[in-house]
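Each remark here refers to the structure printed beneath this line.
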Amino acid sequence: MKGVASLFPGQKKKLHITRSWNFMSFFLNSTRSVNESDIIIGMLDTGIWPESESFLNLDSDPPQPNGKALAKNPSISLATNAGILAAFDDAIADGVDIISLSVGGWPMDSFEDSIAIGAFHSMKNGILTSNSAGNEGLTARSISNSSPWSLSVAASTIDRKFVTQVKLDAPNVTAGYNGSYSRYCYRNTLNKTLVEGKIVLCDSTNDGDWVAAAGAAGFVMQQGFCTDVAFSFPVPVTPVTTADSANILKYLNSTSEPTATILKSVEYEDKSAPYPDLTVPGVDILAAWFEATTVTGSKWDNRVVPFNIISGTSMSFPHASGAAAYVKSFHPTWSPAALKSALMTTAYPMTTAAISVTDFAYGSGHINPVKAIDPGLVYDAGEIDYVKFLSGQGRASDFLLHSYHRSFNGFVAKLTEEEKQKLAGMEGVVSVFPSKMKKLHTTRSWTFMGFPQNVTRSTQESDIVIGMLDTGIWPESESFNDEGFGPPPAKWKGTCQNSSNFTCNNKIIGARYYYAEGQLPPGDFASPRDSEGHGSHTASTAAGNIVSEASLLGLGSGTARGGVPSARIAVYKICWSNGCWDADILAAFDDAIADGVDIISLSVGGWPMDYFEDSIAIGAFHSMKNGILTSNSAGNDGPEPGSISNCSPWSLSVAASTIDRKYVTQVKLGNEAAYQGLSINTFTPQNSEYPIIYGGDAPNVTSEHNGTYSRYCSPGSFKKTLVQGKIVLCDYLGSGNGPIAAGAVGSVMEQGFCIDVAFSFPLPVSTVNSEDSADILKYINTTGNPTAAIFKSFEEKDELAPYVVSFPSRGPNHITADILKPDLTAPGVDILAAWSEATTVTGSKWDNRVVPYNIISGTSMSCPHASGAAAYVKSFHPTWSPAAVKSALMTTAYVMSATANTDADFAYGSGHINPVNATDPGLVYDAEEIDYVKFLCGQGYNATQLKLVTGENSSCSEETNETV
Numbered sequence: 030m031k032g033v034a035s036l037f038p039g040q041k042k043k044l045h046i047t048r049s050w051n052f053m054s055f056f057l058n059s060t061r062s063v064n065e066s067d068i069i070i071g072m073l074d075t076g077i078w079p080e081s082e083s084f085l086n087l088d089s090d091p092p093q094p095n096g097k098a099l100a101k102n103p104s105i106s107l108a109t110n111a112g113i114l115a116a117f118d119d120a121i122a123d124g125v126d127i128i129s130l131s132v133g134g135w136p137m138d139s140f141e142d143s144i145a146i147g148a149f150h151s152m153k154n155g156i157l158t159s160n161s162a163g164n165e166g167l168t169a170r171s172i173s174n175s176s177p178w179s180l181s182v183a184a185s186t187i188d189r190k191f192v193t194q195v196k197l198d199a200p201n202v203t204a205g206y207n208g209s210y211s212r213y214c215y216r217n218t219l220n221k222t223l224v225e226g227k228i229v230l231c232d233s234t235n236d237g238d239w240v241a242a243a244g245a246a247g248f249v250m251q252q253g254f255c256t257d258v259a260f261s262f263p264v265p266v267t268p269v270t271t272a273d274s275a276n277i278l279k280y281l282n283s284t285s286e287p288t289a290t291i292l293k294s295v296e297y298e299d300k301s302a303p304y305p306d307l308t309v310p311g312v313d314i315l316a317a318w319f320e321a322t323t324v325t326g327s328k329w330d331n332r333v334v335p336f337n338i339i340s341g342t343s344m345s346f347p348h349a350s351g352a353a354a355y356v357k358s359f360h361p362t363w364s365p366a367a368l369k370s371a372l373m374t375t376a377y378p379m380t381t382a383a384i385s386v387t388d389f390a391y392g393s394g395h396i397n398p399v400k401a402i403d404p405g406l407v408y409d410a411g412e413i414d415y416v417k418f419l420s421g422q423g424r425a426s427d428f429l430l431h432s433y434h435r436s437f438n439g440f441v442a443k444l445t446e447e448e449k450q451k452l453a454g455m456e457g458v459v460s461v462f463p464s465k466m467k468k469l470h471t472t473r474s475w476t477f478m479g480f481p482q483n484v485t486r487s488t489q490e491s492d493i494v495i496g497m498l499d500t501g502i503w504p505e506s507e508s509f510n511d512e513g514f515g516p517p518p519a520k521w522k523g524t525c526q527n528s529s530n531f532t533c534n535n536k537i538i539g540a541r542y543y544y545a546e547g548q549l550p551p552g553d554f555a556s557p558r559d560s561e562g563h564g565s566h567t568a569s570t571a572a573g574n575i576v577s578e579a580s581l582l583g584l585g586s587g588t589a590r591g592g593v594p595s596a597r598i599a600v601y602k603i604c605w606s607n608g609c610w611d612a613d614i615l616a617a618f619d620d621a622i623a624d625g626v627d628i629i630s631l632s633v634g635g636w637p638m639d640y641f642e643d644s645i646a647i648g649a650f651h652s653m654k655n656g657i658l659t660s661n662s663a664g665n666d667g668p669e670p671g672s673i674s675n676c677s678p679w680s681l682s683v684a685a686s687t688i689d690r691k692y693v694t695q696v697k698l699g700n701e702a703a704y705q706g707l708s709i710n711t712f713t714p715q716n717s718e719y720p721i722i723y724g725g726d727a728p729n730v731t732s733e734h735n736g737t738y739s740r741y742c743s744p745g746s747f748k749k750t751l752v753q754g755k756i757v758l759c760d761y762l763g764s765g766n767g768p769i770a771a772g773a774v775g776s777v778m779e780q781g782f783c784i785d786v787a788f789s790f791p792l793p794v795s796t797v798n799s800e801d802s803a804d805i806l807k808y809i810n811t812t813g814n815p816t817a818a819i820f821k822s823f824e825e826k827d828e829l830a831p832y833v834v835s836f837p838s839r840g841p842n843h844i845t846a847d848i849l850k851p852d853l854t855a856p857g858v859d860i861l862a863a864w865s866e867a868t869t870v871t872g873s874k875w876d877n878r879v880v881p882y883n884i885i886s887g888t889s890m891s892c893p894h895a896s897g898a899a900a901y902v903k904s905f906h907p908t909w910s911p912a913a914v915k916s917a918l919m920t921t922a923y924v925m926s927a928t929a930n931t932d933a934d935f936a937y938g939s940g941h942i943n944p945v946n947a948t949d950p951g952l953v954y955d956a957e958e959i960d961y962v963k964f965l966c967g968q969g970y971n972a973t974q975l976k977l978v979t980g981e982n983s984s985c986s987e988e989t990n991e992t993v
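In my numbering, the protein residues as written are 30 to 993.
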């Protein structure tokens, strides 16, 4: 409509969470302007508790005429609003002087961001908006409020910290733990009868609700990354370092009746404040609290208080708002830009001794309110300057990128906001949504599943076509040799997209590639050829030929084969080095359906979302309509409950479990102590031993890093001269790029959550548990010239297999809670399969190992096992519907061991896949398009949406309004 600038969905934002003013040298008796009581700060937050002593109006005069919706404190009047855009609208009209907003979400375009829009209009009206930067650090580019017309505020410490001591009966002991997920103290993982009335030791940072719910008297938890912030909990808690946690656990394991006491917190002076990556006091801030809740907000907490101590950028930004109001009281005519300039140019530099990060963490420095009233020079800007800025950002020209017309109707285009809204309002358009990026989810496995090479095969297997939507394929691999294959089946309508460096054959019968985003990422092939390795791996797992003597440089040696070696492969390259885009996913579904594939295999996912805003769910619905089952990976965001991404009931969602083989990498110290770690290490040590150093002892101080960060061994955190030619001990499981870039010859890493998965690295690495890591660190610290050796990995039988490991995403299903997801599990750990020779084992630029086969893990590896199994069933029952094939696989899955799999159905669904039994399930539960339409009606979708999405005259009625 004319006059409408933009339309966007109402998205949820989140709150970013006082000696502090004195610490800033801004005392109660600092010079005050006579205009201070005329200043109004608009607080856009959760409301206010008006009875608090902080908001009494004993010494204040009535509000000035310019204010219309006010509450008051002793000096500055407060206008408190709820909402974001509505609150901005009211606050501007009410006559506030400063808007203060401790809220944010994910970074987005300025004109899809309600805060940026509101702040722009407040700037137009002479009002500065003070925003919190967000609490998503230490990750680069994690700031959420980034518009240039507002003030974004980070958080730093004051010179006070709170220390909570835990006292044991026997100090100075070392580490150990078990592999149960209850060690993380997640929801419903603790046995109430075992923990009631006791202090619980937890291996992760959490809010304590589930420990309190189990009746514990308190708990001790590992700090993780939060080594510099204190929090409140509903029961007595103290977070400790990894080393201290290991010591406490050793005490538990070595004492028949272990006891402990968690003492009340005490204050200490923090001499290094202000602390890393922050700009205004936001740590351990005492301020008024809402007496309708408790200290923590937990239902297990009964402490109602008038004042509370919390931390976050939500605590730092009101300091900036107050400082801006202070400056405004002296300069009431100054523009928002002038106020912002005064605060930034007078900020004092942060000390490099305490800070190990750069200007991106703290901007211009630490706020100094007193100096800001007389900055000497201000840099001003008005609305026209910001309009010019926005114009300079440019917009892409409008053009149609792709049209979906072969199997369903739709298109991809670059549109302005106005065009987007006009299109969304047109008759016949069911939805318009942005093309978002999704990510890839990463042979003994088939034999382990009871599916041997000589299993009974259908004569129809060579007519089965599996559509692989992935990173492409390496056609020269022996796994895709077409020797002995006849021409493609008569039903095939696909094509091999012409390219100078790619040729199809009678095994790879079709290949296409898609990239709607424009220019390809550097190093990627403009063809279906795989430059990542992922697509070749998944394709050979599902339908690769039989290849003898395959291995990863001697590891996993044996016969590599897919589930249906005689089946054909159709390649749809949708993923590139920068991810997989919705526009390309839908285009590939459209082509694959029309080309005549029988199964679609897709090891890709993102965040759970509504079925008709999810490109994978939409594509899978249309493939189901056309008799094609879509097999999806569940995702790799476990073990957190509710982390599964592919949730639609018409597709098959696959978790990942182990096979009966694991890779062990031994670390041997100079004192002859040996530790069995996990990794896939193909390197043989050149020397019998090397010097070993702790990463925390080798910080790159010239880049403002300290041991707090170098202990995680991230790239750039090391002083190269200290680690060159040495093995580095790291407190974090990383990529290995940090140590190798600094010249290290190896690394020992603490496993963290990944206690059950082996990874490859660009240098010799072994990952060890926290007990072994603590022992190795103790050896380093107590030995004059510590040395170590990391040996080549060897295979070991895993007697507990199959079990679901830590990384696969879990249910419950966030979109439809009553539908169990994942559907089943399949092998996804340490899988040997074909690889692209355009990359290396790890893809790291420091890795020069080019191999035809690689060993990797992920639900990306389990998904093609299920795809191959589905193709096998389809070869015996070519007329079965997708639901029937899915039913056969689920009802014949064998039961997982409750002992080895403690988190039950939400981790593995109906059980472990069993392809042989699935060809004769006895009974199948069938469903057709109309059944899913009824399901969607029950979910609240209307007839218009259904008709447009299904392409048929589907409608919702009393008969079709079914709920699950």
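Ideal placement from N, C-alpha and C gives every residue a C-beta, glycine not left out.
- The three-state secondary structure of E80, taken from DSSP, is coil.
- DSSP places Q695 inside the beta strand (DSSP E), whose first and last residues are R690 to L698.
- Following the DSSP letters along the chain, one finds V399 inside the alpha helix (DSSP H) bounded by residues P398 to A401.
- Comparing alpha-carbon positions, the option among F359, G244 and I396 lying closest to P265 turns out to be G244.
- Look at S580 here: in three-state DSSP terms it is strand.
- For the segment 271 to 352, the continuous alpha helix (DSSP H) assignments of 4+ residues that do not extend past its boundaries occur at 271 to 283, in sequence order.
- A distance below 6 Å between beta-carbons, with the five flanking residues on each side excluded, links A241 to the following residues of its chain, in chain order: P263, V264 and W329.
- Residue range L658 to S662 is occupied by the beta strand (DSSP E) that includes S660, with no alpha helix (DSSP H) assigned at that position.
- Rounded to the nearest angstrom, the gap between the Cα atoms of T532 and G940 is 39 Å.
- Counting C-beta atoms within 10 angstroms of its own C-beta, N574 has 16 or more neighbours from the protein chains shown and is therefore classed as buried.
- In this structure, G763 lies away from R740, with their beta-carbon atoms at least 7 Å apart.
- The three-state secondary structure of K826, taken from DSSP, is strand.
- Comparing alpha-carbon positions, the option among V858, W679 and K697 lying closest to T687 turns out to be V858.
- When the Cα atoms are used, W521 and G515 turn out to be separated by approximately 13 Å.
- Secondary structure at D624: helix, using DSSP grouped into helix, strand and coil.
- Rounded to whole angstroms, the Cβ separation of G585 and I819 is 19 Å, and the two are not in contact under 8 Å.
- Counting of Cβ neighbours within 10 angstroms places W636 among the exposed residues, the total staying below 16.
- Bridge pairing for T375: absent [DSSP].
- For the pair of segments examined, the segment 804 to 816 was found not to touch the segment 653 to 662: the number of CB pairs separated by less than 8 Å stays below three.
- When the alpha-carbon of H395 is set against those of F618, T375 and R332, the nearest one is in T375.
- Note on the segment 781 to 827: whole beta strand (DSSP E) runs with a minimum of 3 residues are 794 to 797, 816 to 819 and 823 to 826, in chain order.
- Residues of the same chain with a CB within less than 7 Å of the CB of D492, apart from the 5 flanking positions on each side, are P518 in chain order.
- Here S151 has F117, I121, I128 and T158 as same chain residues with Cβ atoms under 7 Å from its own Cβ, once five neighbours each way along the sequence are excluded.
- Put simply, of I657, Q695, P670 and K697 the residue whose alpha carbon is nearest the alpha carbon of W679 is I657.
- Annotation for K400: T375 place their beta carbon closer than 6 Å to its own, counting only its chain and skipping 5 residues before and after.
- Q780 sits buried, since 16 or more C-beta atoms from the chains shown fall within 10 Å of its C-beta.
- Our two residues, P404 and T812, have alpha carbons roughly 55 Å apart in a direct line.
- Here V333 is exposed. Its C-beta has fewer than 16 other C-beta atoms within 10 Å.
- Counting of Cβ neighbours within 10 angstroms places E669 among the exposed residues, the total staying below 16.
- At a Cβ-Cβ threshold of 7 Å, D559 and T500 count as neighbours.
- The segment 614 to 622 and the segment 874 to 892 do not touch, with fewer than 3 CB-CB distances between them shorter than 8 Å.
- Looking at M250, C676, I228 and K293, the one whose alpha-carbon comes closest to that of P287 is I228.
- For S129, the secondary structure class from DSSP, reduced to helix, strand or coil, is strand.
- Distance from the CA of S274 to the CA of V192, rounded to the nearest whole angstrom, comes to 16 Å.
- Between the segment 752 to 772 and the segment 709 to 725 there are three or more C-beta pairs closer than 8 Å, enough to call the two in contact.
- CA-to-CA, the gap between N877 and F790 works out to about 11 Å.
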